[in-house]
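Numbered by the UniProt record's numbering, the letters in the sequence shown go through residues 1 to 279 in order.
We treat Cβ as the ideally placed atom computed from N, Cα and C, and that holds for glycine.
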Amino acid sequence: MGSAERAYAPEALRGLLRRARERIARAGVGGLPELRLAAGLSAAPRTGRRDRGLTQYDMDVLLGRPPGAWYSRFERGMIANPAGPDLHRLAEVLGLDATTWDALWKCLYGRPPTAPEGLLGVAQAPPIWYSVVTSSPLPAYVVDEGFDVLWHSPAADELWGGCPHNTVLSVLAADARVRENVLVDWPYWCLTAVSQLAGALRERPAHRRLLQIRDIALLDPQVRAVWDRQAASPTLFSGGGRRLMRHAGTGRVGAVSCAVAVLEGVVGYRVEFLRWTQI
1 MGSAERAYAP EALRGLLRRA RERIARAGVG GLPELRLAAG LSAAPRTGRR
51 DRGLTQYDMD VLLGRPPGAW YSRFERGMIA NPAGPDLHRL AEVLGLDATT
101 WDALWKCLYG RPPTAPEGLL GVAQAPPIWY SVVTSSPLPA YVVDEGFDVL
151 WHSPAADELW GGCPHNTVLS VLAADARVRE NVLVDWPYWC LTAVSQLAGA
201 LRERPAHRRL LQIRDIALLD PQVRAVWDRQ AASPTLFSGG GRRLMRHAGT
251 GRVGAVSCAV AVLEGVVGYR VEFLRWTQI
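Structure below.
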């Protein structure tokens with residue numbers, strides 16, 4: 001086992017984490033420029049390759065930490081016993097699968113995780129939904145109370161060109177290109193996402209992740225206008241309904257319908273199944 005101060009295999013840990021973050025396209029991480037600006041950074045790194053994936057500072061802000069406060073030390077193996085929620089949030093941001101999760105544990109502790117420590121044990125969502133969602137032929141995902149995606153199907157990657165990390169931010173923080181060319185019915189997507197976020201905040205007004213999403217989203221004047229109208233006359237959209245979207249895999253525009261179910265016994269968690277039909 002490693003010492004109390006360092007991971008069991010720090011060099012292997014560094015390589016694993018660096019590869020994981022560098023394979024993630026920055027453009028696919030909704031809200032990242034706004035998070036960087038809110039943390040006092042430039043919207044994008046000013047040095048290095050623009051296509052290098054996520055930086056260590058990106059990881060900190062995505063994990064809700066000040067730049068340089070946590071992630072770089074963790075990647076270097078200097079945090080041997082990270083808190084469970086930190087480790088699981090990191091797994092969500094990096095999109096780690098079960099195999100990579102096992103490898104991460106071996107780098108940290110010199111052993112694979114036991115059943116309660118496994119990737120499925122982190123989330124409060126019943127593990128059966130992992131199998132249901134990841135094997136679904138439809139675009140599907142399980143999201144937590146902050147709309148962060150826990151698990152998703154391969155079809156969700158195909159639809160979006162990489163499944164979003166957060167289903168609300170992917171809409172409200174979408175740039176002009178995505179609004180015009182991908183979420184081609186963006187005003188309706190926006191209304192739905194604003195309604196979902198406002199409804200969640202009414203139930204959990206002090207939820208840190210929800211407040212963070214709200215603050216990022218309201219930097220956009222168009223979203224702010226929809227938010228103000230929603231506040232004046234609340235209308236609840238569960239996420240169902242029919243919206244237009246360009247399929248990342250085919251390049252064609254189709255109608256997306258969505259079925260949503262709340263996971264029993266887990267506050268705020270839900271599963272979403274999407275169907276894209278060419279029009």
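CA-to-CA distance, Tyr188 to Ser233, given in whole angstroms: When rounded, the distance between both Cα atoms is 16 angstroms.
Take the Cβ of Glu272 as the centre, count every other Cβ of all protein chains shown within 10 Å, and call the residue buried at 16 or more, exposed below. Residue burial is scored here from C-beta neighbours: Glu272 has at least 16 other C-beta atoms within 10 angstroms and is therefore classed as buried.
Strand pairing of Arg270, partner residues [DSSP]: Partner(s): Val143 and Val262.
Whole angstroms is fine: what's the gap from Leu191's alpha carbon to Leu16's? Roughly 39 angstroms between the two C-alpha positions.
Count the CB pairs spanning the region 220-230 and the region 250-263 that are closer than 8 angstroms, and state whether there are at least three. Proximity of the region 220-230 to the region 250-263 falls short of the contact definition, fewer than three beta-carbon pairs being nearer than 8 angstroms.
At what residues does the beta strand (DSSP E) containing Gly245 begin and finish? Gly is not the amino acid found at residue 245; the sequence shown has Met there. Secondary structure note for Met245: its beta strand (DSSP E) is the uninterrupted segment Arg242 to Arg246.
Which of helix, strand or coil does DSSP assign to Asn181? Secondary structure at Asn181: helix, using DSSP grouped into helix, strand and coil.
Determine the direct distance from the alpha carbon of Gly162 to that of Gly28, and round the result to whole angstroms. Between Gly28 and Gly162, the C-alpha separation is close to 7 angstroms.
Could you pull out every residue in the same chain whose Cβ sits closer than 6 angstroms to the Cβ of Arg18, ignoring the five residues on either side in sequence? Taken in chain order, the list of residues that qualify is empty.
Neighbourhood of Ser135 by C-beta, 8 angstroms cutoff - its chain only, sequence neighbours within 5 removed: These residues qualify, in order along the chain: Ser153.
Which whole runs of the alpha helix (DSSP H) in the region 55-120 are 4 residues long or more, in chain order? Correct list: 56-62, 71-75, 84-94 and 98-109.
Beta-carbon proximity list for Phe147, same chain, < 6 angstroms, skipping 5 on both sides: Counting only Cβ-Cβ distances below 6 angstroms, and skipping sequence neighbours, we find Asn166, Thr167 and Val168.
Might you give, ordered along the chain, the residues of its own chain that have their beta carbon closer than 8 angstroms to the beta carbon of Gly79, omitting 5 neighbours on each side? It should be noted that the sequence gives Ile, not Gly, for residue 79. Result list for Ile79: Ala7, Trp70 and Arg73, in chain order.
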